[in-house]
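Chains A and B, in that order, give the protein sequences.
No gaps in the numbering here: position 57 of the first sequence is 56 in numbering that gives the first Met the number 0, and each next residue is one more.
No gaps in the numbering here: position 133 of the second sequence is 132 in numbering that gives the first Met the number 0, and each next residue is one more.
Contents: one structure, followed by commentary.
Protein chains: 2
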Amino acid sequence: MNKIEQHLKHHKLRITQVRLDILRYFQNHKTALSHADLEQHFSKHFDRVTIYRTLTSFLENGLIHKIPDDSGIAKYALCRHDSIAHSTVDEHVHFKCKNCGKIECLHALEIPKLHLPKKYKPESANLLIEGTCALCNA
Amino acid sequence: MNKIEQHLKHHKLRITQVRLDILRYFQNHKTALSHADLEQHFSKHFDRVTIYRTLTSFLENGLIHKIPDDSGIAKYALCRHDSIAHSTVDEHVHFKCKNCGKIECLHALEIPKLHLPKKYKPESANLLIEGTCALCNA
DNA sequence: TTAATAAATGCAATTAAGTTGCAAATATGT
DNA sequence: ACATATTTGCAACTTAATTGCATTTATTAA
Numbered sequence: 000m001n002k003i004e005q006h007l008k009h010h011k012l013r014i015t016q017v018r019l020d021i022l023r024y025f026q027n028h029k030t031a032l033s034h035a036d037l038e039q040h041f042s043k044h045f046d047r048v049t050i051y052r053t054l055t056s057f058l059e060n061g062l063i064h065k066i067p068d069d070s071g072i073a074k075y076a077l078c079r080h081d082s083i084a085h086s087t088v089d090e091h092v093h094f095k096c097k098n099c100g101k102i103e104c105l106h107a108l109e110i111p112k113l114h115l116p117k118k119y120k121p122e123s124a125n126l127l128i129e130g131t132c133a134l135c136n137a
Numbered sequence: 000m001n002k003i004e005q006h007l008k009h010h011k012l013r014i015t016q017v018r019l020d021i022l023r024y025f026q027n028h029k030t031a032l033s034h035a036d037l038e039q040h041f042s043k044h045f046d047r048v049t050i051y052r053t054l055t056s057f058l059e060n061g062l063i064h065k066i067p068d069d070s071g072i073a074k075y076a077l078c079r080h081d082s083i084a085h086s087t088v089d090e091h092v093h094f095k096c097k098n099c100g101k102i103e104c105l106h107a108l109e110i111p112k113l114h115l116p117k118k119y120k121p122e123s124a125n126l127l128i129e130g131t132c133a134l135c136n137a
């Protein structure tokens, strides 16, 4: 049993071909992926709906996280802390490049804690910075 | 000519009934509104598409801003700095309540500037904090 | 190793969000 | 009040995502 299979096992997900393939695909990509990205790459092998459901199960089991942006198209990226499912621990900044359109996780940058008005109880946070990325500025 | 009409004039938008009504509706609501919210309220008076286009023109002319969240459903709220169209000046924190689902602008809270990795050039930022809001905690 | 079964998959159909084209109506400046 | 550019309503369409169900497959326990 290889790393990827162990990863799935760990999260109590059955080991299937879609899951192995999509998980590996995520691992090979530094930038966030949309369903459309995956469909483009995997439609010959798997059904659209299966891809949707794979994303949903990864999301529910804490293998990936969803990154909101103003496009309204869901983008996903791998979670860092493999072992901790459902955790909000991995709260890092996301960066969206206005030039190439790619979104990446800046794992090194934590979202600063803010002092909210009275009675507001924060639980999680999402910070998306837009601009031009390192590659596009090179 | 009243305040709302002046507001439209200021942004070089023609004064029409939808615009007056929707703008006033925004002013009367502290929380962000989706197209669906507006459609529910205005569908007897205006066409769905007209409401979409009203939102688009408000957005393009800086009367409202779009608030991304993980739902994928676009939500909008009034901009503060009336006079400065297309500006990214009004960068405040947004709060989404996990209990009542409402999103509000925390105009008092600015988004902190972060030090990005080399060659990354930030232009704008969006911070959404989720938790439970003041009303739901009361 | 195989049989039982719970979960995952593929397909078709459907829902929902948002967009486009165009003719008719309307706001604005002269 | 007129000319004109903008806005509106309607119908059709696109795209993203969801649901139901029959079939297949991964896992567990005998």
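Idealized CB from N, CA, C, for every residue including glycine.
Note that this is a predicted model, so its numbers are computed, not measured.
Inset, instruction - Below 8 Å on the Cβ atoms is my guess for Ala124 (chain A) versus Ile110 (chain A); work out the distance and round it to an integer in Å. - result: Here residue 124 (chain A) corresponds to residue number 125 of the first sequence, with the count starting at 1. Here residue 110 (chain A) corresponds to residue number 111 of the first sequence, with the count starting at 1. Between Ile110 (chain A) and Ala124 (chain A) the Cβ distance is about 5 Å, and since that is below 8 Å, they are a contact.
Inset, instruction - Kindly indicate if chain A contains any beta-carbon less than 7 Å away from that of Leu126 (chain B). - result: Walking along the second sequence from the start, residue 126 (chain B) turns up at place 127. Judged by the 7 Å Cβ criterion, Leu126 (chain B) is in contact with chain A.
Inset, instruction - With 7 Å as the threshold, decide whether the Cβ of His136 (chain A) is near any Cβ in chain B. - result: The count along the first sequence starts at 1 and reaches residue 136 (chain A) at position 137. Checking the sequence, you will find Asn at residue 136 (chain A) rather than His. For Asn136 (chain A), the answer is yes, since a Cβ of chain B falls inside 7 Å of its Cβ.
Legend entry - Contiguous beta strand (DSSP E) assignments of at least 3 residues, all confined to the stretch 48-132 of chain B: 63-66, 74-77, 91-96, 102-109, 120-131
Inset, instruction - Taking only beta-carbon positions, decide if Thr131 (chain A) is within less than 7 Å of chain B. - result: Working through the first sequence from its first residue, we reach residue 131 (chain A) at position 132. Thr131 (chain A) counts as touching chain B.
Inset, instruction - Give every residue of the same chain whose Cβ lies closer than 8 Å to the Cβ of Ile3 (chain B), excluding the five residues on either side of it in the sequence, and list them in chain order. - result: Locating residue 3 (chain B) in the second sequence gives position 4, counting from the first residue. For Ile3 (chain B), where only same-chain residues beyond five positions count, the Cβ hits under 8 Å are Leu19, Leu22, Arg23, Gln26.
Inset, instruction - Identify whether Leu142 (chain A) lies in helix, strand or coil by the three-state DSSP scheme. - result: Absent from the structure is residue 142 (chain A), since the part of chain A shown begins at 0 and ends at 137.
Inset, instruction - In angstroms with no decimal places, state the Cα-to-Cα distance between Ser82 (chain A) and His9 (chain A). - result: Numbered from 1 along the first sequence, position 83 holds the residue referred to as residue 82 (chain A). Numbered from 1 along the first sequence, position 10 holds the residue referred to as residue 9 (chain A). Note on Ser82 (chain A): pLDDT 44, under 50, position unreliable in the model; no value is reported.
Legend entry - For Thr160 (chain A), the nearest candidate out of A:Ser33, A:Ala35, A:Phe45 (CA to CA): A question about residue 160 (chain A) goes unanswered here, because the residues of chain A that appear run from 0 up to 137.
Legend entry - One or two residues paired with Ser42 (chain A) in a DSSP bridge: Locating residue 42 (chain A) in the first sequence gives position 43, counting from the first residue. Ser42 (chain A) is not bridged to any residue.
Legend entry - Rounded distance between the beta-carbons of Ile63 (chain B) and Leu77 (chain B), thought under 8 Å: Working through the second sequence from its first residue, we reach residue 77 (chain B) at position 78. Working through the second sequence from its first residue, we reach residue 63 (chain B) at position 64. Going by Cβ atoms, the distance from Leu77 (chain B) to Ile63 (chain B) rounds to 6 Å, so yes, they are a contact pair.
Inset, instruction - State yes or no: is the beta carbon of Leu62 (chain A) nearer than 7 Å to at least one beta carbon in chain B? - result: To locate residue 62 (chain A), count along the first sequence from 1; it is residue 63. Cβ-Cβ to chain B under 7 Å: no for Leu62 (chain A).
Legend entry - Whole-Å CB distance - His34 (chain A) paired with Leu54 (chain A), under 8 Å assumed: Position 35 of the first sequence holds residue 34 (chain A). Position 55 of the first sequence holds residue 54 (chain A). With 8 Å as the limit, His34 (chain A) and Leu54 (chain A) qualify as a contact, their Cβ atoms being about 6 Å apart.
Legend entry - Where Val94 (chain B) meets chain A, residues with beta-carbon distance less than 7 Å: Counting from one through the second sequence, the residue named residue 94 (chain B) turns up at place 95. The displayed chain sequence assigns Phe, not Val, to residue 94 (chain B). Here the neighbours are Tyr119.
Legend entry - 9 Å Cβ cut-off: residues of chain A touching Gly100 (chain B): In the second sequence, counting from the first residue as 1, residue 100 (chain B) sits at position 101. In chain order: nothing, as chain A lies at least about 14 Å away.
Legend entry - Cutoff 8 Å; reference Lys74 (chain A); Cβ partners in own chain excluding five residues on either side: Counted from its first residue, the first sequence places residue 74 (chain A) at position 75. Excluding positions up to five away in sequence, the list reads Ala31, Leu32, Ser33, Lys65, Ile66, Asp68, Ile102.
Legend entry - From B:Leu113, B:Thr131, B:Lys118, residue whose alpha carbon lies closest to that of Lys117 (chain A): Counted from its first residue, the first sequence places residue 117 (chain A) at position 118. Selected option, being the one with the closest Cα: B:Thr131.
Legend entry - Contacting residues, own chain, Cβ-Cβ under 6 Å from Val17 (chain B) (five flanking each side not counted): As a first step, residue 17 (chain B) must be located in the second sequence, where it is residue number 18. Contacts found: Phe45, Thr49, Thr53.
Legend entry - Straight-line gap, Ala84 (chain A) to Ser70 (chain A) (C-alpha atoms, nearest Å): The count along the first sequence starts at 1 and reaches residue 84 (chain A) at position 85. The count along the first sequence starts at 1 and reaches residue 70 (chain A) at position 71. Caution applies to Ala84 (chain A), whose pLDDT of 40 falls short of 50 and renders its modelled position unreliable; the value that the coordinates give is listed next. Using only the alpha carbons, I get a separation of about 27 Å.
Inset, instruction - Would you please verify whether the beta carbon of Glu122 (chain B) is less than 7 Å from any beta carbon of chain A? - result: In the second sequence, counting from the first residue as 1, residue 122 (chain B) sits at position 123. Yes, Glu122 (chain B) lies at the interface with chain A (some Cβ there is under 7 Å from its Cβ).
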